[in-house]
Amino acid sequence: MAESDGRCYGLLGRALFLLLPLSCCAARTDSPLPEHLPLILGFRLERSDRHAALSPDGELEVAEGSRLELRVYGLHLREHSGQLLAFTEYSPGSQDNRSCLGDTRDLLVTRLNASEEGFGAAALVRLDVLPLRKSQSSRVYVLCTSRGPGLPWKLHAGPDGRLRVLEEEKPLLPVWLQGCIIAVLLALSGIFSGLNLGLMALDPMELRVVQRCGTDTEKRYASNIEPVRRQGNYLLCSLLLGNVLVNTTLTTLLDQLIGSGLAAVFASTVGIVVLGEIVPQALCSRHGLAVGANTIWLTRIFMVLTFPVAYPVSRLLDCVLGQEIGTVYNREKLLEMLKVTEPYSGLVREEMNIIQGALELRTKTVEVVMTKVEDCFMLPSDATLDFNTMSSIMESGYTRIPVYEKERSNIVDILYVKDLAFVDPDDCTPLSSITRFYSHPLHFVFSDTKLDAVLEEFKKGRSHLAIVQIVNSEGEGDPFYEVMGLVTLEDVIEEIIKSEILDESDLYTDNRSKKYVKRRQDRKDFSVFKDPENELRVKISPQLFLAAHRFLSSEVSLFAPALVSEKTLLRLLKYPDVVQELHFNEEDKKAPENFLYQSSKTADYFILILQGKVEVEAGKENMKFESGAFSYYGVMAINTPSAPELRSPSHMSSPNRSISLSCHERSNSISSTIGGSNTPLIVQAQYMADFSVRALGDLQFVKITREQYQGALLSSRLDSSPQSLDGGTRKLNSTLSEHSEILEDETISLLNQRNSQHSLQHNAV
């Protein structure tokens, strides 16, 4: 406003200077006057305490009741020159060159301060404008000047000499009411601005997610907002229209209340920008759901009020831009969003790996996770299912084994380990017979097959192993299928969970890195039971050899792993003359060679029946009973206590445990005293059997002497703790005396049990 006033005043000044020659010429046409007389040429507004401006016609417009300072331009202006200036009322019908009829009392000229420089060419005049009459809204006055007392007054021609007094505009509302309205409008401006950001930032998809898995409060908020947010363009138009209307009204009221100038600019900036934009948007950007739900009633009201304008525009936007769907993440964006929000989502690393693996399932092929054909465990189709082959299968740990013919890349069958449930290794059944009988179908996939497709095939249950192949078109000739490797359900699951699944049979942690698995301590090695290079004198099957080893280690306390290690027991069983055979003498059944033990005769050996039947005669009553495979005798013969002589019946066990003679056989005890590392074992007593064991047919049995057993004890002790032989000797001697007492009780228990069984059998007969 100040710049426009300045431009108008400058134009007025230049116009007055242009009129200077004309006025001089007019003065010369009349009767000549002295050149030193004052001459007023025009004026311009210097300052005003109220609103003042130039109209488009060049008239100066001021408000009633204002005080003006006018800068008057002329020649030879003096202190008393203020009496030569006056204003008179101007009517549109009057002529510009007529004489002034009289000055008006509505404009009072109080003083004129002339400038001493420039020959009195300018002066300041203070002008007081009186209020208009009640019936008038405006009034025009024109400048009249005179060159001296008694000289005629002349009217200044043109609009630049006019001054229009306008009625002062009074506010329609009181100041206090305007302040209240401004406060309400500021609040509405903040609400509309905040809701515009808060509600529009709430994605429709996000609201649906919150409705299903948010807290109870969030579900309630989302349910209230979702119907309104669904009409996105209509909501946007209503909020923007309301915000613009409120801000426009607020600016108008501030201008009326404060006026123009820096104060109005500062008030508008602070009120609209800070209170109406920054603060509410910062609040709603973080709590948009709560603010939007609590003010949804206001949003609905304003949507109804702006319906005539906002709804047609929103429909046009829907047609042009299409329906708003919301933010939809593809696989890559969803994966990156999970990675970025991992510190705040509360997901552990394993859960993130599973999600990542599931999302990447459709992008990876079986070639990435397969096991190469050269690393696979396979069997040739001409293999025989003997003990060696069965042991290899058991050691591999696989449940599905490919069978190839001639070349490893030519897979013709699949063998399931469960197919071997009824196969006896002694029968040496051909592998081809088993595979032809079950005839499991082969499942082939190409190397570029996605993991999700393979997983779907595995889920159908036809097979959990697939053969990976490619089409080899290199070289001359027709293309052919070439086997690359195998892929299993476990491989796919490992890729989903992003971790290796290890079981007791795995050799590598990863088929690609070839990192070996740390062997477990309790892993069984069946290779030691295969047919040795130096065969035993008595031929027994590996299965029976394994069964004897397991039985002694688990059922006979003297051969428990705490006393005799499994490795030492294995060497003991492979020792010459440990496994023996007895050919029954049919001609003389009472021949001495048919007896394993004879009553009242010393014996220093332990016997375990492997095959065949024996007759046991024990006690003073000569009670007889038969026993078969895996019954054992002479436990006390190799575990002789320090007493000079001890009589005891046999200790036996059978697979069905119905004739077990002792419940104390699993105690950890030994039978000899160990001296220094270089001293021989000293036998302190001999064992005399008070029972007889006679063969009823051909027998195959294990015979371990006291010397062999004590050597096994020492060997196990040296293997386990070679630095503690002296301490171990004292412990063994203390255990020996305790075990001798147990054996005496076992003798009485044996006789009582056998007598009761004999009575029951006699009554039954």
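Residue numbering for the sequence shown is -26 to -1, 1 to 739, as defined by mature numbering (1 follows the signal peptide of the UniProt record, and there is no 0).
Just so it is clear, CB atoms sit at the ideal spot from N, CA and C, and this is done for glycine as well.
For this session: Just tell me which of A521, V184, T345 has its CA closest to the CA of E200.
Result: Stepping through the sequence shown from its first residue, residue 200 is reached at position 226. The shortest Cα separation from E200 among A521, V184, T345 belongs to V184.
Problem set entry | Rounded C-alpha distance that separates I581 from L546 | As a working mapping, residue 581 is identified with position 607 in the sequence shown. As a working mapping, residue 546 is identified with position 572 in the sequence shown. Computed Cα separation, rounded: 13 Å.
For this session: Go through the segment 290 to 364 residue by residue and report every complete run of the alpha helix (DSSP H) that reaches 4 residues or more, in order.
Result: 305 to 314, 316 to 319, 323 to 333, 340 to 343
For this session: Specify the secondary structure class of R21 as computed by DSSP and reduced to three states.
Result: Within the sequence shown, numbered from 1, the residue matching residue 21 stands at position 47. Strand at R21.
For this session: Taking 8 Å as the cut-off, decide whether the C-beta atoms of D80 and R41 are in contact.
Result: Position 106 of the sequence shown, counted from the first residue, corresponds to residue 80. Position 67 of the sequence shown, counted from the first residue, corresponds to residue 41. Taking 8 Å as the Cβ cut-off, D80 and R41 do not qualify as a contacting pair.
For this session: Would you tell me roughly how many angstroms separate the C-alpha atoms of G266 and I165, rounded to the nearest one?
Result: By one-based count along the sequence shown, residue 266 stands at place 292. By one-based count along the sequence shown, residue 165 stands at place 191. Answer to the nearest angstrom: the Cα atoms are 10 Å apart.
For this session: On a CA-only basis, which of Y683, S515, L321 is nearest G608? Give me that one, please.
Result: What you label residue 608 is simply residue 634 of the sequence shown in a count that begins at 1. Checked all of Y683, S515, L321; the closest Cα to G608 is Y683.
Problem set entry | Top-ranked residue by Cα proximity to E180, from L13, L15, T301 | As a first step, residue 180 must be located in the sequence shown, where it is residue number 206. Among L13, L15, T301, the Cα nearest to that of E180 belongs to T301.
For this session: Let me know if C350 comes out buried or exposed under the rule of 16 or more other beta-carbons within 10 Å of its beta-carbon.
Result: Taking the first residue of the sequence shown as 1, we reach residue 350 at position 376. Under this definition C350 is a buried residue.
Problem set entry | Which residues DSSP lists as bridging C118, in chain order | Sequence index remark: in the sequence shown, residue 118 carries index 144 (1-based). Beta-bridge pairing links C118 to A60, L129.
For this session: Quick one: which unbroken alpha helix (DSSP H) runs of 4-plus residues sit fully inside the segment 412 to 469? Chain order, please.
Result: 425 to 433
Exercise. Is the segment 116 to 135 close to the segment 199 to 218, with three or more CB pairs under 8 Å?
Worked result: no
Exercise. Who are residue 748's beta bridge partners in DSSP?
Worked result: There is simply no residue 748 to check, as the chain begins at -26 and stops at 739 in what is shown.
For this session: For V139, count neighbouring Cβ atoms within 10 angstroms of its own Cβ and tell me buried if that reaches 16, exposed if not.
Result: Here residue 139 corresponds to residue number 165 of the sequence shown, with the count starting at 1. Counting Cβ neighbours within 10 Å, V139 comes out buried, since at least 16 surround it.
Exercise. According to the Cβ coordinates, are F604 and I583 closer than 8 Å?
Worked result: By 1-based counting over the sequence shown, the position of residue 604 is 630. By 1-based counting over the sequence shown, the position of residue 583 is 609. Yes, Cβ-Cβ distance for F604 and I583 is below 8 Å.
For this session: Indicate whether L687 and V538 have their beta-carbon atoms separated by less than 8 Å.
Result: Indexing the sequence shown from 1 puts residue 687 at position 713. Indexing the sequence shown from 1 puts residue 538 at position 564. Yes. Within cutoff.
Problem set entry | Contact check, K677 vs Q554, beta carbons under 8 Å | For the purposes of this step, residue 677 is identified with residue 703 of the sequence shown, where counting begins at 1. For the purposes of this step, residue 554 is identified with residue 580 of the sequence shown, where counting begins at 1. Yes.
Problem set entry | CB of L106 within 8 Å of CB of E141, strictly | The count along the sequence shown starts at 1 and reaches residue 106 at position 132. The count along the sequence shown starts at 1 and reaches residue 141 at position 167. The answer is yes: Cβ separation under 8 Å.
Exercise. Which residues mark the beginning and the end of the beta strand (DSSP E) in which Y47 is found?
Worked result: On the sequence shown, residue 47 is found 73 positions in, with the first residue counted as 1. Here the beta strand (DSSP E) through Y47 covers 41 to 49.
Exercise. Whose C-beta lies closer than 8 Å to the C-beta of T358 among residues of the same chain, with five residues either side of it excluded?
Worked result: Stepping through the sequence shown from its first residue, residue 358 is reached at position 384. Cβ neighbours of T358 beyond the five flanking positions: C402, T403, P404, L405.
For this session: Please report how far the alpha carbon of Y455 lies from the alpha carbon of A175, in whole angstroms.
Result: Position 481 of the sequence shown holds residue 455. Position 201 of the sequence shown holds residue 175. Distance between the alpha carbons of Y455 and A175 is about 56 Å.
Problem set entry | Cutoff 7 Å; reference N568; Cβ partners in own chain excluding five residues on either side | For the purposes of this step, residue 568 is taken as residue 594 along the sequence shown, with counting starting at 1. Excluding residues within five positions, the ones whose Cβ falls inside 7 Å are F558, N559, R668, A669.
For this session: Compare the C-alpha of L98 against each of E43, L117, T62 and name the closest.
Result: Here residue 98 refers to the residue found at position 124 when the sequence shown is read from its first residue. That would be E43, whose Cα lies nearest to the Cα of L98.
Problem set entry | Spatial distance of K193 from S167 (CA atoms) | By 1-based counting over the sequence shown, the position of residue 193 is 219. By 1-based counting over the sequence shown, the position of residue 167 is 193. Taking the straight line from one Cα to the other gives about 24 Å.
For this session: Count the C-beta pairs between the segment 201 to 215 and the segment 270 to 282 that are closer than 8 Å, then say yes if the count reaches three, no if not.
Result: yes
Exercise. Does the beta-carbon of P453 have 16 or more other beta-carbons within 10 angstroms, so that it is buried, or is it exposed?
Worked result: For this step, residue 453 is matched to residue 479 along the sequence shown. Exposed.
Exercise. From F675 to L692, what distance separates their C-alpha atoms?
Worked result: The count along the sequence shown starts at 1 and reaches residue 675 at position 701. The count along the sequence shown starts at 1 and reaches residue 692 at position 718. Each residue's alpha carbon lies about 28 Å from the other.
Exercise. Between V457, G122, Q110, T62, which lies nearest to E341 when the distance is taken from Cα to Cα?
Worked result: Taking the sequence shown and counting its residues from 1, one reaches residue 341 at position 367. Of the listed residues, the one whose Cα sits closest to E341 is V457.
Exercise. Under three-state DSSP, which class holds Q660?
Worked result: Here residue 660 refers to the residue found at position 686 when the sequence shown is read from its first residue. In the structure shown, Q660 sits in a strand (DSSP, three-state: E or B).
Problem set entry | Which listed residue (C74, Y549, L147, C154) has its alpha carbon closest to that of Y115 | To locate residue 115, count along the sequence shown from 1; it is residue 141. Selected option, being the one with the closest Cα: C74.
Problem set entry | Proximity of K338 and K424 at Cβ, strictly below 8 Å | Locating residue 338 in the sequence shown gives position 364, counting from the first residue. Locating residue 424 in the sequence shown gives position 450, counting from the first residue. Their beta carbons are under 8 Å apart, which means K338 touches K424 by this criterion.
Exercise. If you draw a straight line from the alpha carbon of A196 to that of L263, how long is it in whole angstroms?
Worked result: Taking the first residue of the sequence shown as 1, we reach residue 196 at position 222. Taking the first residue of the sequence shown as 1, we reach residue 263 at position 289. In a straight line, the C-alpha of A196 is about 7 Å away from that of L263.
Exercise. Helix, strand or coil: how does DSSP classify P254 here?
Worked result: The count along the sequence shown starts at 1 and reaches residue 254 at position 280. P254: helix per DSSP, three-state reduction.
Exercise. Between D190 and G153, what straight-line distance do the alpha-carbon atoms span, to the nearest angstrom?
Worked result: Here residue 190 refers to the residue found at position 216 when the sequence shown is read from its first residue. Here residue 153 refers to the residue found at position 179 when the sequence shown is read from its first residue. So the alpha carbons of these two residues sit roughly 41 Å apart.
For this session: Please report the residue range of the beta strand (DSSP E) in which R100 lies.
Result: Against the sequence shown, residue 100 aligns to sequence position 126. Counting along the chain, the beta strand (DSSP E) containing R100 begins and ends at 96 to 103.
Problem set entry | Y579 and M610 closer than 8 Å at C-beta | Numbered from its first residue, the sequence shown carries residue 579 at position 605. Numbered from its first residue, the sequence shown carries residue 610 at position 636. No, the pair does not count as a contact, with Cβ atoms beyond the cut-off.
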